[in-house]
Amino acid sequence: MNQETEINLEQQGDIAIFDVKGDVTALSGPFFTKAYQTANDQGACKILMKFTEDAYINSGGIAIIIQILAQTKRNNQQICITGLSNHFQKIFNMVGITKFARIYNTVEDALRDLS
Amino acid sequence: MTSDEKLIKMFSESTIEVSLPNKLGYERVAMACSATFAKIVGFLPERIEDLKTAVSEACLNAMEHGNLNRSDRSVLVRMNYSDHVFIVSVMDQGEGMKETPEIPDDLDIDKKIEALEIPRGIGMFLIKQLVDQVEFNQLTNEGHMVRMLLRLEG
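So the sequences go chain by chain: A and B.
Heads up: the first sequence runs through residues 68 to 182, numbered per my numbering.
Heads up: the second sequence runs through residues 3 to 156, numbered per my numbering.
Encoded structure:
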């Protein structure tokens, strides 16, 4: 029933782009952890999480994202988010994720600001 | 599930019931069903998205915490619309919580970030934020229930 998470990692200079596809749930933890570790190993100091507008994200997935935010804060990395539907932009704002990660409407806007 | 049991039952124009296997992922069936029903009765797309997330979170809590992930249990989702009020009751076969927790109006994300551990309580927080009224931890003859209400004009 669940569509497994897939994260393709792309590096643009010191920015690591997590291209997130599929559902973002409690089962997504290992995929985010692996992407984050790889980005760290490659020396990324900025991270862009790119979601799809039709993504199914539940509280289990939000908890995973908060864990990644905690690690980026501890490692002094900048992180931002793009691709979310209006509903999930509202949800991310509600839970306070926007205190730690800015949300952009497009990848281009996010990259421009991160560069 | 026996052959005479159905996943979705429509009792009348105003009441629909969905019986879900206790398996993560099947909350999507209840989300889709509630979204379709809410669209038919005239809810706006933005409120339907709120409803879908609230239904999803209530079902997840029922499966994980109420039914303790047991595959021999099920989750019953009853939807009723009348007098411009949409009510969703999500029932599990657990015993409920000893005490109904106080759900904060704000999530202390700083604390969750500092703790470096899996944050909890996000689902109940979201439900409270997204619906007009919610009653957690209700015990009925059919089991433990969460009852959520959304008003059409809301």
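Here a beta-carbon is modelled for each residue, glycine too, at the ideal position from N, C-alpha and C.
Note that the structure is a prediction, hence the values are computed from the model and not measured.
For my contact list, residue i and residue j are in at a C-beta cut-off of 8 angstroms; report their separation, rounded to the angstrom.
| i | j | result |
| --- | --- | --- |
| B/Ile34 | B/Ile50 | Residue identity check: residue 34 of chain B is Ala in the sequence provided, not Ile. 11 angstroms between Cβ atoms; not a contact. |
| A/Lys88 | A/Glu77 | A/Lys88 to A/Glu77, Cβ: 13 angstroms. No contact. |
| B/Val57 | B/Phe88 | Their Cβ separation, rounded to whole angstroms, is 11 angstroms, which puts B/Val57 and B/Phe88 out of contact at 8 angstroms. |
| B/Glu155 | B/His86 | 7 angstroms |
Spatial neighbours of residue i within its chain, please: CB distance less than 7 angstroms, with the 5 preceding and 5 following residues excluded, ordered by chain position.
| i | result |
| --- | --- |
| A/Thr92 | Asn69, Asn125, Gly127, Gly128 |
| B/Phe138 | Thr102, Met126, Val148 |
Report yes or no: is there a C-beta of chain A within less than 7 angstroms of the C-beta of residue i?
| i | result |
| --- | --- |
| B/Gln95 | no |
| B/Ile111 | yes |
| B/Ile129 | no |
| B/Ile115 | yes |
| B/Pro121 | yes |
| B/Glu144 | no |
| B/Gly125 | yes |
| B/Glu104 | no |
| B/Met3 | Residue confidence is low: B/Met3 scores 46 on pLDDT, short of 50, so the model does not pin down where it sits. Its coordinate-derived value is still stated next. Not one chain A Cβ lies under 7 angstroms of B/Met3. |
Residues in its own chain within less than 8 angstroms of residue i by CB, not counting five upstream and five downstream?
| i | result |
| --- | --- |
| A/Asn142 | Asn107 |
| A/Phe155 | Phe118, Ala122, Ile124 |
| A/Leu115 | Ile82, Ala83, Ile84, Phe85, Ile146, Cys147, Ile148, Thr149, Val174, Ala177, Leu178, Leu181 |
| B/Asp52 | Leu132, Val133, Leu152 |
| B/Glu48 | none |
Looking at the structure shown, is residue i part of a helix, part of a strand, or coil, going by DSSP?
| i | result |
| --- | --- |
| B/Ile105 | coil |
| B/Lys113 | helix |
| A/Pro97 | helix |
| A/Asp176 | helix |
Would residue i pass as an interface residue toward chain B - the criterion being a Cβ-Cβ separation below 7 angstroms?
| i | result |
| --- | --- |
| A/Lys140 | yes |
| A/Ile146 | no |
| A/Ile133 | yes |
Tell me which residues share the same chain as residue i and place their Cβ nearer than 6 angstroms to its Cβ, disregarding the 5 neighbours each side in the sequence.
| i | result |
| --- | --- |
| A/Ala130 | none |
| A/Glu71 | Gly89 |
| A/Phe99 | Ile131, Ile135 |
| A/Thr105 | Leu76 |
Report task. Would you list, in chain order, the members of the stretch 98–129 of chain A that have their beta-carbon closer than 8 angstroms to a beta-carbon of chain B? Result -> Tyr123, Asn125, Ser126, Gly127, Ile129
Report task. Could you please tell me which residues of the stretch 154–169 of chain A, in chain order, have their CB closer than 8 angstroms to any CB of chain B? Result -> His154, Ile158, Met161, Val162, Gly163, Ile164, Lys166, Phe167
Query - Where the stretch 33–60 of chain B meets chain A: residues whose CB sits under 8 angstroms from a CB there - result: Glu48, Glu51, Asp52, Thr55, Ser58, Glu59
Report task. Note down, in chain order, all residues in the stretch 59–81 of chain B with a beta-carbon under 7 angstroms from any beta-carbon belonging to chain E. Result -> Here the protein chains are A and B, and chain E is not one of them.
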